[in-house]
Amino acid sequence: MELAKGKVEVELRGILSKEEFVNLSNNLKKRHSYEGDNKKTLFYITTDFILKIETKKELDTFFLIVKNGDETKNILEEIEVKLNISDLPKIIKILEILGYSKINIVEQNRTNYFLEDDMVLSLKYTNDWG
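The number in the numbering used here is simply the position in the sequence shown, starting from 1, with 89 added.
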């Protein structure tokens, strides 16, 4: 989901049990409109920033994303570039040449719930994190 210019994104993280996740999801679905937003993310192993590629099956584009800052304090500058999916092999090759070859591949199942006052709550589930 692209963030509109002038909007603020706040990320809060926590780990829910599968039962807690299902209960929260069902409760939100009863009260709000929603849409699925599933993606596959390649997280590159780095030390000082987050480098990732996000793909969505239904789109002919992907995103190259760098998050710079302190993730433990949720203070991150996010730089995102939207590219054509046909360029993905070339971007992966460029990153390999630059020394970024170790990756974790994560399938994320996310649902965006549309709340009042133009707020969106995104609830994610990944097999790796729960």
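A virtual CB, placed ideally from N, CA and C, is assigned to each residue, including glycine.
Among the options, nearest to residue i - alpha-carbon criterion
i	options	result
T200	D207, E147, S211, N193	S211
L172	L184, L187, N157, L153	L153
N198	K179, D126, S106	D126
E45	D137, K213, R120, I192	Since the displayed the chain opens at 90 and closes at 219, residue 45 lies outside it and no answer follows.
F151	S175, Y214, I134	S175
V170	R120, E143, M208	E143
I134	E205, K213, L148, E185	E185
Whole-angstrom distance between residue j and residue i, CA atom to CA atom
i	j	result
F132	E109	26 Å
I139	N157	7 Å
E124	V111	16 Å
K145	K128	5 Å
I192	K182	13 Å
N116	S122	11 Å
Rounded distance between the beta-carbons of residue j and residue i, thought under 8 Å
i	j	result
V155	I168	5 Å
Proximity of residue i and residue j at Cβ, strictly below 7 Å
i	j	result
K118	T130	no
V195	F203	no
Host beta strand (DSSP E) of residue i (start-end)
i	result
I164	164-173
E124	122-125
Extent of the continuous alpha helix (DSSP H) run through residue i
i	result
K179	177-186
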